[in-house]
Amino acid sequence: MAEKRNIFLVGPMGAGKSTIGRHLADELHLEFYDSDQEIERRTGADIAWVFDLEGEEGFRVREENVIEDLTEKQGIVLATGGGSIISKKNRNRLSARGIVVYLQTTIEKQVARTQRDKRRPLLQNGEPEQVLRSLADERNPMYEEVADYVVQTDDQSARAVANQIIEKI
Ligand code: S3P
């Protein structure tokens with residue numbers, strides 16, 4: 000990376016966006032942000048609360064605002080929420096402002112990584128595997144549309160994935 004650019008990580012829940020993003024930011028001496036954490040910081044409530052009080056619709060408005068603001072920055076690694084790419088506005092914003100890396104994983108890994116997770120409201124909507132499959136059917140084309148690079152995160156450590164991203168970009 001010749002100049003200070005941004006790296007935006009997209010992909011489904013349990014792909015490892017936050018863990019890999021932290022490694023990436025460390026290695027490249029960039030600042031790390033996580034859109035969910037930023038929503039929590041701004042609202043003073045956790046994501047589950049935001050969903051409870053404002054519904055998914057309210058959460059998506061907050062997510063768009065956070066992505067709009069964070070993508071104004073330069074020299075950051077941003078781990079985005081798994082559903083952020085359903086917004087065309089977010090997809091355009093991410094594409095325009097940085098390098099977008101799609102972290103791919105399998106449903107099996109997602110299930111394993113998000114097991115017993117009560118912080119992800121959408122996983123409380125039904126049997127997690129079914130929920131994740133139906134989200135993947137709907138969203139995978141959008142991750143692909145927005146991605147400059149696609150990296151498989153299974154069977155490698157977060158650090159190894161971060162290094163692979165560094166080699167690609
Ligand atoms: C969501 C993913 C979550 C979080 C929220 C909704 C989604 O982020 O934004 O629970 O719609 O897939 P992670 O991808 O970091 O789990």
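Residue 34 in numbering that gives the first Met the number 0 sits at position 35 of the sequence shown, with consecutive numbering throughout. Note that CB positions come from ideal geometry on N, CA and C, so glycine has one too. On a predicted model such as this, the values are computed, not experimentally measured, just so you know.
| Asked | Found |
| --- | --- |
| Collapsed DSSP secondary structure at D147 in the structure displayed | coil |
| Same chain, Cβ closer than 6 Å to L45, neighbours up to 5 away in sequence not counted | Leu is not the amino acid found at residue 45; the sequence shown has Asp there. E39, listed in sequence order. |
| Outcome for K16 when other beta-carbon atoms lying within 10 angstroms are tallied against a minimum of 16 | buried |
| 8 Å contact criterion, which V150 and V100 should meet: CB distance rounded | 6 Å |
| Nearest-angstrom Cα separation, counted from N91 out to I98 | 12 Å |
| Sheet register partners of Y32 (DSSP bridge) | L77 |
| Contact under 8 Å by Cβ, G10 with L102 | yes |
| Through-space distance from K167 to T18, alpha-carbon basis | 19 Å |
| F31 to E137 span [Cα, whole Å] | 28 Å |
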